[in-house]
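**Student:** Here the protein sequences come in this chain order: A and B. Everything in the first sequence is counted per this note's numbering, starting at 18 for the first residue and increasing by one. Everything in the second sequence is counted per this note's numbering, starting at 18 for the first residue and increasing by one.
Protein chains: 2
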Amino acid sequence: MIPIKTESAWRGTSDCQSCGIRAMVLFADLEQQDFESIHSPIDDLEYRPGHSLYQEGEQALSLFTVRSGTVKLLRMTPDGQQRIVRLLRAGDVAGLEALTSATFENEAVAMTEVSVCCIPVGVIHDLSRRSPRIHAQLMKQWHHAVKQADDWLADINFGSAARRVRQFILKMRHTTDPELSTLFSREEMGAMMGLKLETVSREVSALSKAGVIAPMDKVGRTYRIINAAALNADDQ
Amino acid sequence: MIPIKTESAWRGTSDCQSCGIRAMVLFADLEQQDFESIHSPIDDLEYRPGHSLYQEGEQALSLFTVRSGTVKLLRMTPDGQQRIVRLLRAGDVAGLEALTSATFENEAVAMTEVSVCCIPVGVIHDLSRRSPRIHAQLMKQWHHAVKQADDWLADINFGSAARRVRQFILKMRHTTDPELSTLFSREEMGAMMGLKLETVSREVSALSKAGVIAPMDKVGRTYRIINAAALNADDQ
DNA sequence: CGGCAAATTGAGGTAGATCAATGTCGGTGG
DNA sequence: CCACCGACATTGATCTACCTCAATTTGCCG
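(1) Can you give me the Cβ contacts of A162 of chain B inside the same chain, cut-off strictly under 7 angstroms, excluding the 5 residues immediately before and after it?
(2) Between F121 of chain A and chain B, is the shortest Cβ-Cβ distance under 8 angstroms, so that the two count as touching?
(3) Under the three-state reduction of DSSP, which class applies to T199 of chain A: helix, strand or coil?
(4) Identify whether A247 of chain B lies in helix, strand or coil by the three-state DSSP scheme.
(5) Please identify the residue among A:E73, A:A77 and A:F81 whose C-alpha is closest to the C-alpha of Y64 of chain A.
(6) Taking T87 of chain B as the reference, give the member of B:V217, B:M189, B:A231 and B:L224 with the closest Cα.
(7) By how many angstroms is the C-alpha of R219 of chain B removed from the C-alpha of D234 of chain B?
(8) Give every residue of the same chain whose Cβ lies closer than 6 angstroms to the Cβ of S85 of chain A, excluding the five residues on either side of it in the sequence, and list them in chain order.
(9) Hey, would you say A111 of chain B sits closer than 8 angstroms to A127 of chain B, going by beta carbons?
(10) By the criterion of Cβ-Cβ separation under 8 angstroms, what are the contact partners of M156 of chain B in chain A?
(11) Let me know the secondary structure DSSP gives T239 of chain B once reduced to three states.
(12) List, in chain order, every chain A residue whose beta-carbon is nearer than 9 angstroms to that of P149 of chain B.
(13) Relative to the C-alpha of V140 of chain B, which candidate in B:P58, B:V42, B:V236 and B:G228 has its C-alpha closest?
(14) Consider the Cβ of G112 of chain A: report whether some Cβ of chain B lies at a distance smaller than 8 angstroms.
(15) Within the region 82-138 of chain B, note down every full beta strand (DSSP E) run reaching 3 residues or more, in order along the chain.
(16) Taking only beta-carbon positions, decide if K188 of chain A is within less than 8 angstroms of chain B.
(17) In terms of alpha-carbon separation, which member of A:S145, A:G67, A:Q99 and A:D168 lies closest to A153 of chain B?
(18) To be precise: take each residue of the region 168-200 of chain A, compare its Cβ to all Cβ atoms of chain B, and keep it if any distance is under 8 angstroms. Which residues remain?
(19) Are the Cβ atoms of F201 of chain B and G211 of chain A separated by less than 8 angstroms?
(20) Let's see if you can read the secondary structure: which residues bound the alpha helix (DSSP H) around L43 of chain A?
(21) Let me confirm a value: K89 of chain B is counted as buried when at least 16 other C-beta atoms fall within 10 Å, else exposed. Which label applies?
(22) Rank A:P195, A:R180 and A:S79 by C-alpha distance to the C-alpha of A223 of chain A and give the top, closest one.
(23) What does the alpha-carbon distance come out to for the pair R109 of chain B and A250 of chain A?
(24) Note down the Cα distance separating S3 of chain A from D96 of chain B, rounded to an integer number of angstroms.
(25) What separation, rounded to the nearest whole angstrom, lies between the Cα atoms of G67 of chain B and V83 of chain B?
(26) Can you confirm whether A247 of chain B, when its beta carbon is compared against all beta carbons of chain A, has any partner nearer than 8 angstroms?
(27) Please state the DSSP three-state secondary structure of K22 of chain B.
(28) So, is G207 of chain A buried or exposed, given that buried needs 16 or more other C-beta atoms within 10 angstroms?
(29) Counting along the chain, where does the alpha helix (DSSP H) carrying D194 of chain A start and finish?
(30) If I measure Cβ to Cβ from A247 of chain A and keep anything under 7 angstroms in the same chain, skipping five residues before and after, which residues do I get?
(31) Between H56 of chain B and E48 of chain B, what straight-line distance do the alpha-carbon atoms span, to the nearest angstrom?
(32) Is there at least one Cβ from chain A nearer than 8 angstroms to I21 of chain B's Cβ?
(33) Quick one: what's got a C-beta closer than 8 angstroms to W159 of chain B's C-beta in the same chain, skipping five residues either side?
(34) Whole angstroms is fine: what's the gap from E215 of chain B's alpha carbon to Q165 of chain B's?
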């Protein structure tokens, strides 16, 4: 297994203690002395859209906390289609399996400009041995991953195409402004929901024509949610 | 929230140290002194097919390690259909979310005669504080849950009905004798794969007629796998 | 034997796939 | 500034895999 060269930009070694999103992620509970015991470097990396953080089957030596941007986890089918298994946003961790498995179980690809911290598994294991404070955070991250996976299946991979698209729009609401929802290319949306791009396009257009959502740009990415109740209509 | 009375049979308080499947599950690494520090009782329970271990939204005070049988995790849609999110077998843990969440995120229902150990979360937290030996096992269980969830999506909820059924038969192979595969009612199989029961029946019959599998009983549950390569054919 | 639950099979309908044409935006170069 | 181009969204017209409705069969059990 020859790992494909990652096309990432190194932005320096992280100063975890002053990290803006530290509270959200693994190191939330750590104290001064814990940081002093970290000996391996934690790198601060940037990825351009479309580039892989890691490949399926690649040796898993580090995990990645997402600082900003959106990452898709995917599996390739033998005939080259991609099945998007779930999405990661700021505060999520990619490649948790590095902690208990020798290889990554899916591929992680930046969908936007993405910045991550790359943490060698050794660091986690050291901290874990030294202090129990990191356990709660690890547990929280695992739990979040399972919940996301289950939600993905039950919400956007179940029922009619119309229902899936409605649920997807709800799932992509901005945390800051829940009136807005930013989507992706119709093809990628299809790979997430198990639909073809034309079907996705038709359903989005239909919601737009029905006045349930209103486009905020001319490229079909960001919409304002006019009638959230209609999106929640869970019938058929 | 009034928890629905569980319809389980109490079989006694577990003697964890002499448990036959201990090595597979959470307490694998524990030592004598650890067991002595367990003060809350760990119950040994039996559930009949169709009975719930816990409901979605119910207060999560315990988790369950499956000793034998098959448990389905499911979510109810507003219109009463059930979406089976994944299956648990001997050695799996149901309700891990009890460790970080106040309530259960899905319902767990016995599909067969099931025997489980019911472990109060307090016990896990105590052990966790006292010794690090249980952490590796918890991590392994979380990892397993995420992997199962991802596999469920990528293997049996993707592609044509024929492909889904083929993958499902492979997933249900006996660990002891991989020549055999035991299925479920066509309706439950449909709920797992996002298909209707008639479609499942047609695809199973087609494989049987094509000589890829051969029925071992007259009720369509257990089949012998004749041509594993044909089941793996991942094209379309 | 009769009755129930579940699997199978058939016939016809439909949601979504497929194939194809057109439209729109943004960038690039003259 | 405008012409051209590539990427992507949209829309239309068929096609088909799966759903729906319905009848029949099979095994199980009192």
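Just so it is clear, CB atoms sit at the ideal spot from N, CA and C, and this is done for glycine as well.
**Tutor:** Short version:
(1) The residue you call residue 162 of chain B lines up with position 145 of the second sequence. L113, listed in sequence order.
(2) For the purposes of this step, residue 121 of chain A is taken as residue 104 along the first sequence, with counting starting at 1. The beta carbon of F121 of chain A sits no closer than 8 angstroms to any beta carbon of chain B.
(3) As a working mapping, residue 199 of chain A is identified with position 182 in the first sequence. In the displayed model, T199 of chain A falls within a strand according to three-state DSSP.
(4) Counting from 1 along the second sequence, the entry for residue 247 of chain B is found at position 230. Here A247 of chain B sits in helix by DSSP.
(5) Residue mapping note: residue 64 of chain A aligns to position 47 of the first sequence, counting from 1. Here the closest residue by C-alpha is A:F81.
(6) Mapped onto the second sequence, residue 87 of chain B falls at position 70. When each option's Cα is compared against that of T87 of chain B, the closest is B:M189.
(7) What you label residue 234 of chain B is simply residue 217 of the second sequence in a count that begins at 1. What you label residue 219 of chain B is simply residue 202 of the second sequence in a count that begins at 1. One alpha carbon belongs to D234 of chain B, the other to R219 of chain B, and they sit about 17 angstroms apart.
(8) Counted from its first residue, the first sequence places residue 85 of chain A at position 68. If we look at S85 of chain A and ignore the five residues flanking it on each side, its Cβ neighbours are A107 and S132.
(9) Start at 1 with the first residue of the second sequence, and residue 111 of chain B comes out as number 94. Start at 1 with the first residue of the second sequence, and residue 127 of chain B comes out as number 110. No, the pair does not count as a contact, with Cβ atoms beyond the cut-off.
(10) Translated into positions along the second sequence, residue 156 of chain B becomes position 139. Here the neighbours are L116, T117, L155 and W159.
(11) Locating residue 239 of chain B in the second sequence gives position 222, counting from the first residue. Three-state DSSP puts T239 of chain B in a strand.
(12) Numbered from its first residue, the second sequence carries residue 149 of chain B at position 132. The contacting residues are S145, R146, P149 and H152.
(13) Counting from one through the second sequence, the residue named residue 140 of chain B turns up at place 123. Closest option to V140 of chain B, Cα to Cα, is B:P58.
(14) Taking the first sequence and counting its residues from 1, one reaches residue 112 of chain A at position 95. False, the Cβ-Cβ gap to chain B never drops below 8 angstroms.
(15) 88-93, 99-105, 124-127 and 131-137, all fully within the region 82-138 of chain B.
(16) Here residue 188 of chain A refers to the residue found at position 171 when the first sequence is read from its first residue. With 8 angstroms as the cut-off, K188 of chain A does not count as an interface residue toward chain B.
(17) Counted from its first residue, the second sequence places residue 153 of chain B at position 136. Relative to A153 of chain B, the option among A:S145, A:G67, A:Q99 and A:D168 whose CA is nearest is A:S145.
(18) For the region 168-200 of chain A, the set of residues with a beta-carbon nearer than 8 angstroms to any beta-carbon of chain B comprises W169, L170, A171, N174, F175 and G176, in chain order.
(19) The count along the second sequence starts at 1 and reaches residue 201 of chain B at position 184. The count along the first sequence starts at 1 and reaches residue 211 of chain A at position 194. No, Cβ-Cβ distance for F201 of chain B and G211 of chain A is not below 8 angstroms.
(20) Start at 1 with the first residue of the first sequence, and residue 43 of chain A comes out as number 26. First-last for L43 of chain A: undefined, no H or E at that position.
(21) Within the second sequence, numbered from 1, the residue matching residue 89 of chain B stands at position 72. Per the 10 Å Cβ criterion, buried.
(22) Counting from 1 along the first sequence, the entry for residue 223 of chain A is found at position 206. Among A:P195, A:R180 and A:S79, the Cα nearest to that of A223 of chain A is on A:R180.
(23) In the second sequence, residue 109 of chain B corresponds to position 92, counting from 1. In the first sequence, residue 250 of chain A corresponds to position 233, counting from 1. In the sequence on display, residue 109 of chain B carries Asp and not Arg. Looking at the backbone, the Cα of D109 of chain B and that of A250 of chain A are separated by about 35 angstroms.
(24) The first residue shown for chain A is 18 and the last is 253, placing residue 3 of chain A beyond what the model contains.
(25) For the purposes of this step, residue 67 of chain B is taken as the residue at position 50 of the second sequence. For the purposes of this step, residue 83 of chain B is taken as the residue at position 66 of the second sequence. So the alpha carbons of these two residues sit roughly 15 angstroms apart.
(26) In the second sequence, counting from the first residue as 1, residue 247 of chain B sits at position 230. It does not; no Cβ of chain A falls within 8 angstroms.
(27) In the second sequence, residue 22 of chain B corresponds to position 5, counting from 1. Note that K22 of chain B scores 42 on pLDDT, short of 50, meaning its location in the model is unreliable; the coordinates nonetheless yield the value given after this. In the three-state reduction of the DSSP assignment, K22 of chain B falls in the coil class.
(28) Stepping through the first sequence from its first residue, residue 207 of chain A is reached at position 190. Buried.
(29) The residue labelled residue 194 of chain A in the question sits at position 177 within the first sequence. DSSP places D194 of chain A outside any alpha helix (DSSP H), giving it a letter other than H or E.
(30) One-based indexing of the first sequence puts residue 247 of chain A at position 230. Excluding residues within five positions, the ones whose Cβ falls inside 7 angstroms are V229.
(31) Translated into the one-based positions of the second sequence, residue 56 of chain B becomes position 39. Translated into the one-based positions of the second sequence, residue 48 of chain B becomes position 31. If I take the Cα positions, the gap works out to 15 angstroms.
(32) As a first step, residue 21 of chain B must be located in the second sequence, where it is residue number 4. The predicted position of I21 of chain B is uncertain, since its pLDDT is 38 and thus under 50; no value can be drawn from it.
(33) Counting from 1 along the second sequence, the entry for residue 159 of chain B is found at position 142. Excluding sequence neighbours, W159 of chain B sits near L113.
(34) Against the second sequence, residue 215 of chain B aligns to sequence position 198. Against the second sequence, residue 165 of chain B aligns to sequence position 148. Straight through space, the alpha carbons of Q165 of chain B and E215 of chain B are spaced by roughly 26 angstroms.
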